[in-house]
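One structure below.
2 protein chains.
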Amino acid sequence: MKKTIILYGVILAALTGILKFIEYRFLVRDLSTEIYIGAIALFFTILGIWVGYKITRDKKSAFEKKYSKNNKSISESELSKKLNQYGLSRREHEVLTLIAKGHSNREIADSLFLSTNTVKTHSSNIFAKLDVKRRTQAVQKAKEIGLFLEVNLSD
Amino acid sequence: MKKTIILYGVILAALTGILKFIEYRFLVRDLSTEIYIGAIALFFTILGIWVGYKITRDKKSAFEKKYSKNNKSISESELSKKLNQYGLSRREHEVLTLIAKGHSNREIADSLFLSTNTVKTHSSNIFAKLDVKRRTQAVQKAKEIGLFLEVNLSD
DNA sequence: ATGAAATTCACCCAAAAGTACTAATGTGGT
DNA sequence: ACCACATTAGTACTTTTGGGTGAATTTCAT
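Line order of the protein sequences matches chains A and B.
Using my numbering, the letters of the first sequence map in sequence onto residues 617 to 771.
Using my numbering, the letters of the second sequence map in sequence onto residues 617 to 771.
Pasting the structure below:
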């Protein structure tokens with residue numbers, strides 16, 4: 617990327633110089649201004665397309681570099697330690713797991729035989745403890761930290 | 617595409633005219649030729665990048681065979697196939713990615729320069745196409761299917 | 001047994017998310 | 001040039017989620 621920019625800069629500078637040099641010799645007298653401008657425009661447009669292509673290329677390879685798997689499943693003792701670290705209780709972890717499975721508060725309440733109010737209390741506490749604002753962020757953070765025993769959440 | 621070309625031609629023509637007009641009035645006397653050329657170069661470079669982006673966007677898969685190396689990460693073409701499979705558009709995938717990052721509709725709207733209404737429309741369509749009811753489920757399903765280029769969603 | 005933490009639930013309010021339309025404009029492919 | 005689809009955005013409405021507070025019960029360790 618840096619190389620592309622430098623190369624482009626050098627080319628631009630060089631060409632500007634060349635054009636100016638030529639201008640005083642032949643072009644101004646021989647060709648009309650339209651053609652002169654047109655030539656510059658055409659050249660830099662092509663150059664621009666090339667640069668644009670380079671940029672999008674680089675972006676993609678950066679994408680590929682970024683890609684790496686981080687599926688980590690952990691043991692019970694490790695989990696306890698992490699829960700402690702964030703001050704999460706067992707029940708909160710349970711709720712969090714269900715949240716991660718995409719369940720609504722209503723569904724969580726049903727499956728844990730709780731009222732939705734309770735689930736809401738739990739989730740509020742979870743968000744506070746994980747320092748997030750939404751359940752989606754909580755899920756993200758939990759995965760980041762590695763709070764889930766099961767990797768496969770699709771149930 | 618046709619419009620793009622036409623628009624580009626019009627802009628080019630108009631700009632050439634304007635430049636020529638200005639030239640006789642002020643520029644030649646007031647500014648040095650370097651700045652003059654530089655301005656044209658800069659403008660057409662940007663225009664070129666834009667045009668290049670428009671063109672290369674569709675021909676990515678052609679270039680891909682040449683430049684992309686095989687690895688375990690999902691490639692652009694694979695992604696396209698999967699998006700096609702579920703009838704998801706590019707924009708929808710973009711929104712879905714941000715949803716997976718835990719962003720709110722408001723935040724997504726801001727970062728994509730859209731209204732929240734539009735984001736809601738997109739997400740509704742996403743949910744319908746992925747056959748889910750909530751964003752958390754959509755994220756889950758998307759990961760299951762493998763719709764994300766980046767696994768690391770924490771940004 | 002006592003106090004701290006955990007669990008449960010209620011109520012109210014606000015914000016965010018989601019549904020169901022309609023519709024204008026843009027774009028791509030044939 | 002046309003058609004299908006994508007993108008954008010609106011209105012109006014419902015549901016879900018989240019925040020804050022208070023409080024009753026249970027659990028568990030010191």
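Backbone N, C-alpha and C fix where the C-beta goes; we use that ideal spot for every residue, glycine too.
Treat the numbers as computed from the prediction; the structure is a model and nothing was measured.
| Asked | Found |
| --- | --- |
| Measuring alpha carbon to alpha carbon, tell me which of A/LYS717, A/LEU746, A/GLN753 and A/PHE729 ends up nearest B/GLU760. | A/LYS717 |
| How close, in whole Å, do the beta carbons of A/ALA754 and A/PHE743 come, if the pair is a contact with beta carbons under 8 Å? | 6 Å |
| Rounding to the nearest angstrom, what Cα-Cα distance links B/PHE764 and B/LYS757 in this structure? | 11 Å |
| Just the Cα atoms here: how many angstroms apart are A/VAL735 and A/ARG750? | 14 Å |
| Measure the alpha-carbon distance for A/GLU800 versus B/GLU723 and round it to whole angstroms. | In the structure as shown, chain A begins at 617 and stops at 771. Residue 800 of chain A is therefore absent and cannot be evaluated. |
| When the Cα atoms are used, what is the spatial distance from A/TYR702 to B/GLN701? | 40 Å |
| Would you kindly work out how many angstroms separate the C-alpha atoms of A/HIS719 and B/LEU730, rounded to a whole number? | 28 Å |
| Hey, does A/VAL711 have any beta-carbon neighbour from chain B nearer than 9 Å? | no |
| Quick one: does B/LYS745 have its CB under 9 Å from some CB of chain A? | no |
| Listing by chain order, which chain B residues have their CB less than 8 Å from the CB of A/GLN753? | GLY718 |
| Could you tell me whether any Cβ in chain B is nearer than 9 Å to the Cβ of A/LYS749? | yes |
| How big is the Cα-Cα spacing for A/HIS709 and A/SER739? | 10 Å |
| Quick one: give me the first and last residue of the alpha helix (DSSP H) that B/ASP747 is part of. | Unbroken run through B/ASP747: none, as it is neither H nor E. |
| What is the residue span of the alpha helix (DSSP H) that A/HIS719 lies within? | Premise fails: A/HIS719 is in no alpha helix (DSSP H) and is neither H nor E. |
| Is the beta carbon of B/LEU714 closer than 9 Å to that of B/SER696? | no |
| Is the CB of B/GLN756 under 9 Å away from at least one CB in chain A? | yes |
| Under 9 Å between the Cβ atoms of A/THR732 and A/ASN741? | no |
| Rounded to the nearest angstrom, what separates A/LEU712 and B/SER705 at their Cα positions? | 31 Å |
| Could you name the residues of chain A that B/ILE715 contacts, counting a contact when the two beta carbons are closer than 8 Å? | THR752 |
| Would you kindly check if the distance between the Cβ of A/THR752 and the Cβ of B/THR752 is under 9 Å? | yes |
| Does A/SER705 come out as helix, strand or coil in the three-state DSSP assignment? | coil |
| CB-CB under 7 Å to A/ARG707, same chain, minus the five flanking residues each way: which ones, in chain order? | HIS738 |
| Roughly how many angstroms separate the alpha carbons of B/LYS745 and A/VAL748, rounded to a whole number? | 28 Å |
| Quick check on B/SER731: does DSSP put it in helix, strand or coil? | coil |
| Using the C-alpha atoms, what's the distance from B/LEU699 back to B/LYS685? | Residue placement at B/LYS685 cannot be trusted, given a pLDDT of 38 that sits under 50; what the coordinates show is reported in the next sentence. Cα to Cα, the separation comes out at about 21 Å. |
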